[in-house]
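Beneath this line is the structure, given in structure tokens, with notes to follow.
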Amino acid sequence: MVLYPLAPSYFGVEHVAILEHVNFSTALSIPGLAQQPALVDVSLLPDPTTGGWRVRSDFGFLGALDDEESAEYPALNRLRTAAMNAATHATVEIVDGEVEVAVALGLDPWMIPANNQPTGTALLSGGQGALVRVTEGELTAHQLREMGTEQLFVTLALLDDTVLATHDNLVLGPCGELSDTPALATAFAAASQSGASLAARAYAAAGRIAVDLPLAPEDAAAPAQSAELFAPVVPPLPLDPNNPAIPPALDPDADWEFTTPADPLASPLPTGSRTFTSPKDTF
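For the sequence shown, counting from 1, position 4 maps to 4 in UniProt numbering; every step adds exactly one.
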């Protein structure tokens, strides 16, 4: 099956699922586990017997998420339908004499992007958030509100020293200055040499959008390496054409129709006898 890499963190913060069902023989076979925690790459395989997911590593199956645990991550069903396996990492450690396996799954609304990685782009790794100044972009308040809580891929473009977050031909807004982000400057230079554009994961919530950008190297004198700057390419998923990542803007010239219950507006019909009075001076 095709592996679909999940975001390892959001702006440097991990959100993990602690496995209730652990395969202790596999976990204890990891070299050096008795001395320190182990970070291992894992993939999630659908378990047809439980409706959940089995967590596989290079050392074997570490455990599983049962159907109740998997119900907290309904977004994973998109991968199940597309015959893809989620790829992420897990931390295995011994805590108070017990083996603990923490799988970096993230938060369900932000787990699977609402669009696909643009073709011909190199995907940046994340680590620090940069808020998009949407008031300086082309999105309307209606579009921001209708986006809700979601992850989406954006393409980064340069306007002089300003880094712009874009989606298709829409400018979402500036998200920083290149001179203030040396890691991003290195990424732009590397991408230009290969003829690729830069893509990044962005997260929307409560009418705001933030882009997840690479961390600056710990040693300011040492330039960031490509392995630290870029993440694996994310394969395309089938998308719902009726649910785009960014909803269309409202057409101010469109015809509108509004329906409301009549009860609060209608007056009661008159009842009882009425006196008819002829108009004066009619004849």
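All C-beta atoms, glycine included, are put in the ideal place defined by N, C-alpha and C. All of these numbers come straight from a predicted model, not from anything done at the bench.
Collapsed DSSP secondary structure at residue i in the structure displayed
{"i": "Ala-191", "result": "helix"}
{"i": "Pro-238", "result": "coil"}
{"i": "residue 285", "result": "Limits of the chain in this structure are 1 at one end and 283 at the other, which puts residue 285 out of reach."}
{"i": "Arg-133", "result": "coil"}
{"i": "Glu-228", "result": "helix"}
{"i": "Leu-144", "result": "helix"}
{"i": "Thr-186", "result": "helix"}
{"i": "Pro-118", "result": "coil"}
{"i": "Leu-158", "result": "strand"}
{"i": "Asp-108", "result": "helix"}
{"i": "Ser-9", "result": "coil"}
{"i": "Phe-59", "result": "coil"}
{"i": "Ser-267", "result": "coil"}
{"i": "Thr-166", "result": "strand"}
{"i": "Ala-38", "result": "strand"}
{"i": "Ser-25", "result": "helix"}
{"i": "Leu-213", "result": "strand"}
{"i": "Asp-96", "result": "coil"}
{"i": "Asp-47", "result": "strand"}
{"i": "Leu-178", "result": "helix"}
{"i": "Ile-18", "result": "strand"}
{"i": "Gly-52", "result": "strand"}
{"i": "Thr-262", "result": "It should be noted that the sequence gives Ala, not Thr, for residue 262. In the structure shown, Ala-262 sits in coil (DSSP, three-state: anything other than H, G, I, E or B)."}
{"i": "Leu-139", "result": "coil"}
{"i": "Leu-124", "result": "strand"}
{"i": "Glu-150", "result": "strand"}
{"i": "Leu-198", "result": "strand"}
{"i": "Val-233", "result": "coil"}
{"i": "Gly-173", "result": "strand"}
{"i": "Ala-204", "result": "strand"}
{"i": "Ala-102", "result": "strand"}
Sequence-distant residues of the same chain with beta carbon closer than 8 Å to residue i, five excluded per side
{"i": "Val-234", "result": "Tyr-4, Pro-5, Pro-113, Asn-116, Gln-117, Leu-123 and Phe-153"}
{"i": "Gln-35", "result": "none"}
{"i": "Ser-194", "result": "Ala-122"}
Own chain, CB closer than 6 Å to residue i, minus 5 neighbours either side, in chain order
{"i": "Thr-50", "result": "Asp-66 and Asp-67"}
{"i": "Cys-175", "result": "Ala-130, Val-132, Val-163, Ala-165 and Val-211"}
{"i": "Val-2", "result": "Met-84 and Pro-235"}
{"i": "Trp-110", "result": "Gln-151 and Tyr-203"}
{"i": "His-167", "result": "Val-154 and Ile-246"}
{"i": "Leu-170", "result": "Glu-138"}
{"i": "Glu-14", "result": "Ala-104"}
Inter-residue CB distance, residue i and residue j (contact presumed, cutoff 8 Å)
{"i": "Ala-90", "j": "Val-40", "result": "6 Å"}
{"i": "Phe-188", "j": "Leu-158", "result": "7 Å"}
{"i": "Leu-144", "j": "Ala-183", "result": "Rounded, the Cβ-Cβ distance is 28 Å, inconsistent with contact."}
{"i": "Leu-198", "j": "Thr-121", "result": "6 Å"}
{"i": "Phe-230", "j": "Gly-126", "result": "With 8 Å as the limit, Phe-230 and Gly-126 do not qualify as a contact, their Cβ atoms being about 11 Å apart."}
{"i": "Asp-108", "j": "Ala-75", "result": "5 Å"}
{"i": "Gly-106", "j": "Ala-190", "result": "In fact, because the Cβ distance is near 27 Å, the residues do not count as touching under 8 Å."}
{"i": "Glu-93", "j": "Pro-37", "result": "4 Å"}
{"i": "Val-134", "j": "Ile-30", "result": "In fact, because the Cβ distance is near 45 Å, the residues do not count as touching under 8 Å."}
{"i": "Asp-161", "j": "Leu-172", "result": "No, Asp-161 and Leu-172 are not in contact; Cβ-Cβ is about 18 Å, not under 8 Å."}
{"i": "Ala-200", "j": "Leu-250", "result": "28 Å between Cβ atoms; not a contact."}
{"i": "Gln-128", "j": "Leu-239", "result": "So it is not a contact: roughly 28 Å between Cβ atoms."}
Contacting residues, own chain, Cβ-Cβ under 7 Å from residue i (five flanking each side not counted)
{"i": "Phe-61", "result": "Asn-23, Thr-26, Arg-54 and Val-55"}
{"i": "residue 285", "result": "Given that the chain is displayed from residue 1 to residue 283, the structure contains no residue 285 and the question cannot be resolved."}
{"i": "Glu-72", "result": "Asp-108"}
{"i": "Ala-86", "result": "Tyr-4, Leu-6, Ser-43, Leu-44, Leu-76 and Leu-79"}
{"i": "Gly-52", "result": "Ala-64, Leu-65, Asp-66, Asp-67, Glu-69 and Ser-70"}
{"i": "Gly-32", "result": "Ala-38"}
{"i": "Glu-146", "result": "Pro-247"}
{"i": "Ala-205", "result": "Thr-149"}
### Start-end ranges of the alpha helix (DSSP H) lying completely within the region 62–90, minimum 4 residues
If only uninterrupted alpha helix (DSSP H) runs of at least 4 residues are considered, those enclosed by the region 62–90 are 67–70 and 76–81.
### Message
Can you confirm whether the region 129–144 touches the region 18–26 when touching is taken to mean that 3 or more C-beta pairs between the two stretches lie within less than 8 Å?
### Response
In short, these stretches do not touch, since the Cβ pair count stays below three.
### Meets three-Cβ-pair contact criterion under 8 Å: the region 10–18 and the region 92–111
In short, these stretches touch, since the Cβ pair count reaches three.
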